[in-house]
Amino acid sequence: MTLRKVTKNRSPFPNDEAVFKLIYPALRNISKRWTMPIKNWSGALNQFAILFDGRVPMGGLTHNSLTQNPV
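Counted the way this note's numbering counts, the sequence shown spans residues 303 to 373.
Here you go:
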């Protein structure tokens with residue numbers, strides 16, 4: 303809903319980079335307000351590790367570390 307507010311009254315974006323420049327700071331602000339833990343996160347993380355072998359670091363990865371350092 304918040305991302306929709308950010309993009310609602312904008313004209314069409316000229317390229318992908320323009321979208322990223324608008325969405326990235328909005329996501330950073332939104333993620334600061336996330337307080338509820340993700341249900342069954344450990345199970346989801348295990349599935350990601352299986353599906354994306356070698357691309358999901360498993361050492362000490364938590365929900366908080368993901369929201370603090372978005373890609």
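Virtual Cβ for every residue (Gly too), placed ideally from N, Cα, C.
Using a Cβ distance threshold of 7 Å, Ala328 and Val358 do not count as a contacting pair. Taking the Cα positions, Asn348 is about 10 Å away from Asp355. Membership of Asn317 in any alpha helix (DSSP H) is not indicated, and neither H nor E is assigned to it by DSSP. In this structure, DSSP gives Trp336 a state outside helix and strand, which the three-state scheme calls coil. Look at Val308 here: in three-state DSSP terms it is helix. Distance from the Cα of Leu305 is smallest, within the candidate group Asn317, Pro316, Phe322, for Phe322.
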